[in-house]
Amino acid sequence: MNEIQLKLCDIQGRLFELSAEKKYDSVAFIKAFMMSEVAKELDSTYNRMQWAGEEYLLEEVAAGAGEMRTSNGEIFSADMLYWIGYIYRYWHYYNGEDSTKIYKQAPALTMKRNYMIFHTMDPVLAIEDLKEIHNQKQ
């Protein structure tokens, strides 16, 4: 993992964290992001979106997904959201899978359920364990 890739993991983590500040339903936001054109552009080898800040990225996701603000949905903690966003981007760089495929293996509730166990682990170990959980369900 090079310095630029780690920076992009951090930006995505901060983007997910910012979704809580904006009062977005976490499950809806995470799914909308991971299935979005923004995520697809971040997955590409080079795209201008990779140099956009988290505020701009959030605006782009919100524009494409519609209303995600919640009055009755759950908003995950900022720490949990940062970790989820970071791990998803790290996962892409670790094995080249695109965001849609990653999300299908580890949707928001799977990430939430495993946060307490995995958030202190090395990202590679957490990813391998998340993949194993997915494979056991198949």
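Numbering (this note's numbering), first residue to last: 25 to 162.
Glycine residues also receive a C-beta, built at the ideal position from the N, C-alpha and C atoms.
None of the values given here were measured: they were computed from a predicted structure.
Cutoff 6 Å; reference residue i; Cβ partners in own chain excluding five residues on either side
i    : result
Y110 : C33 and G37
M58  : S123 and Y127
V51  : A132
Sequence-distant residues of the same chain with beta carbon closer than 7 Å to residue i, five excluded per side
i    : result
T69  : none
V85  : A56, F57, S60 and V62
A102 : E41 and A44
E78  : I35, R38, L39 and L42
M104 : K136 and Y139
Rounded Cβ spacing between residue i and residue j (contact assumed at less than 8 Å)
i   : j    : result
D67 : H116 : 6 Å
Cβ neighbours of residue i in the same chain (closer than 8 Å, five flanking residues each side left out)
i    : result
I151 : I111, Y114, W115, Y118 and N119
Y106 : G37, R38, F40 and E41
Under 9 Å between C-beta atoms of residue i and residue j
i    : j    : result
L81  : L39  : yes
H158 : A130 : yes
K47  : I99  : yes
M135 : L154 : yes
D146 : G97  : no
The alpha helix (DSSP H) enclosing residue i, as first and last residue numbers
i    : result
P147 : P147 to K161
T124 : S123 to Q129
S101 : Careful: S101 lies outside any alpha helix (DSSP H) and carries neither H nor E.
G37  : E27 to E45
M58  : S50 to M58
Beta bridge counterpart(s) of residue i as assigned by DSSP
i    : result
Y112 : Its beta-bridge partners do not exist; DSSP assigns none.
Y139 : Per DSSP, none; premise fails for Y139.
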